[in-house]
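Residue numbers (the numbering used here), protein chains in the order written: chain R, 1 to 188; chain B, 1001 to 1188. The beta carbon of each residue, even a glycine, is placed where N, CA and C say it ideally should be. Here the structure is laid out as C-alpha cells; the discussion comes afterwards.
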DNA sequence: ACCTGAACACCGTTCAAGT
DNA sequence: ACCTGAACACCGTTCAAGT
C-alpha cells in the first residue's frame, strides 16, 4: 500500500518545457513527457489535468523566469536607461528561449495565468510610470509592451524580409519610444 | 474515365477558413473540411499537400484580404491621418476575424507566404515613408507594424487586465507614434 | 484524373486492476 | 496513493482499387 511517487509535477513541467524548446509545441506529447520522466503516459494525469493544462504550466514557468530577468536589469536610476535595459533584456530572453517565448503570447496555448502575466508586466509598468508620469504610465507601458512583443514575434517568425538592418530598426524604435513616452503627454 | 472534380482548392480553403474562424485552429480537421466540401478526407490530398499546407493557404487568403482593407483606407492626402486610418483598419480587421488574424502571426502555423507578407505590409511602408522620410521609412514602418501587431495580439488574448481604459491606451499610442515618427529623426 | 474504402501509425484520455 | 495495461475515439496520411 505504499505508492512510491516516481515523479513530480515539477519534473513533468520541466521535461515538457525542454521538449517544447528543443522540438516545438507539436512535439509535446504525453507519451514523450512520460518517457522522459520515467513513467507511463496515463500516470501523468495524476500531475496535470490534461495536455492543455500542462502547456499552461510551462507558460507560467517561463513567464516568471522572464519577469525575473526584467527585474534584474532595472535600477540604473535613470528611467530612460531602465526602459532601454528592459527592452533589451526582453529581446534577449526571447532569443534565448524562442519556442517558450512564443508560447507566452500564443493565444492558442491558452496563454499564461493572470498572476504570471501581472508579474511579468509589473516591471515595465513601474519603469513606464517613472518615465511618463502616473497619468500616462499604464498607457505608456502598454505602448512599449505591445511594441516589444510585436517586434520580437516578427523577428522570431522571420517577418523582417524587406531588407534593411533589423538592428537599426530596433535602435530607432527604442530611442523614438523613449523620447515619445518621456515627452510631455500630447493632449491629456 | 471522366473524373468529375467534386470540389476545388478554393472551396477547400474557404471551408477551412470558416472552421478556423468559427471553432479555432484545433478544430480544423481534414475530416471536417471533407464533410463541408462533400468529399472523403483522402480526396483532400489532391488539393493540398497536407494539413500544414492547408493552414498556410488560409493564412495567405487572410493576408491578402487584410492588405486590401488597409489599402482601402489610405489616400487622405495627410500622412498623419493615413497612419491613423491604417492603424484603425488593422485593428478592426483583427476584431472582425480574430482567429484568422492570429493565424497570420502565429509562428506555429508556418505563417503566410513571403508574397502575402510583402503585400500586407507595403501599404504601411508607404505611409511610414511619407511620414518619416525615405531614410527612416523602413524603421518607422517596423515600429508601427510591431506595435499594432503586438497591441492587437494582446487585446485578442485578453492580456490587458490591469484595468485602465484600453481605448485610451490605443489612442495614446497612435498619437504618440504619429508624433514620434513624424518628428525629425532623433540622431541620424 | 479524381474519388473511395481500408489500413497504418499515432494521438489524448479513461478506467479497472494492481501494489 | 500512485502506477499500469488495455481499451476507446479520433487524428493525419498512404495506397491500391474503382470510375
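{"Item": "For the pair the stretch 1141-1151 of chain B and the stretch 154-161 of chain R, tell me if three or more CB-CB distances fall below 8 Å.", "Value": "yes"}
{"Item": "Residue 74 of chain R and residue 68 of chain R: beta carbons closer than 8 Å?", "Value": "no"}
{"Item": "Please check the pair residue 15 of chain R and residue 33 of chain R, which I expect to be a contact at CB under 8 Å, by giving their CB distance rounded to whole angstroms.", "Value": "5 Å"}
{"Item": "Pick helix, strand or coil for residue 122 of chain R, following the three-state DSSP scheme.", "Value": "helix"}
{"Item": "Could you name the residues of the same chain whose beta carbon sits closer than 6 Å to that of residue 87 of chain R, not counting the 5 residues immediately before and after it, in chain order?", "Value": "148, 174"}
{"Item": "Name the chain R residues whose beta carbon is nearer than 9 Å to that of residue 1143 of chain B?", "Value": "147, 151, 169, 172, 173, 176, 177"}
{"Item": "Using C-beta distances below 8 Å, list every residue in its chain close to residue 5 of chain R, excluding the 5 sequence neighbours before and after it, in chain order.", "Value": "none"}
{"Item": "Short of 8 Å Cβ to Cβ, which residues in the stretch 101-132 of chain R face chain B?", "Value": "102, 105, 106, 107, 108, 111, 114, 117, 118, 121, 125"}
{"Item": "At a Cβ threshold of 8 Å, is residue 11 of chain R touching chain B?", "Value": "no"}
{"Item": "Ignore the nearest five residues each way along the sequence and tell me which others in residue 1125 of chain B's own chain have a CB closer than 8 Å to its CB.", "Value": "1137, 1138, 1141"}
{"Item": "Can you tell me whether residue 1048 of chain B is helix, strand or coil according to DSSP?", "Value": "coil"}
{"Item": "Please identify the residue among B:1065, B:1132, B:1091 whose C-alpha is closest to the C-alpha of residue 1118 of chain B.", "Value": "B:1065"}
{"Item": "Can you tell me where the alpha helix (DSSP H) holding residue 22 of chain R begins and where it ends?", "Value": "9-23"}
{"Item": "Pull up the distance between the alpha-carbon of residue 101 of chain R and that of residue 1110 of chain B, whole angstroms please.", "Value": "16 Å"}
{"Item": "At 9 Å on the CB atoms, spell out the chain B contacts of residue 161 of chain R, in chain order.", "Value": "1114, 1117, 1118"}
{"Item": "Just tell me which of R:79, R:158, R:123, R:112 has its CA closest to the CA of residue 52 of chain R.", "Value": "R:112"}
{"Item": "Whole angstroms is fine: what's the gap from residue 78 of chain R's alpha carbon to residue 1179 of chain B's?", "Value": "23 Å"}
{"Item": "Using a Cβ cut-off of 8 Å, pull out every chain B residue sitting near residue 156 of chain R, in sequence order please.", "Value": "1107"}
{"Item": "Give me the chain R residues within the contact set of residue 1164 of chain B, using Cβ-Cβ distance strictly less than 9 Å, ordered along the chain.", "Value": "138, 139, 142"}
{"Item": "Could you check the C-alpha separation between residue 131 of chain R and residue 80 of chain R for me, to the nearest Å?", "Value": "7 Å"}
{"Item": "Could you check where the alpha helix (DSSP H) with residue 93 of chain R kicks off and where it finishes?", "Value": "79-96"}
{"Item": "Output the distance between the C-alpha atoms of residue 70 of chain R and residue 1039 of chain B, rounded to the nearest integer angstrom.", "Value": "52 Å"}
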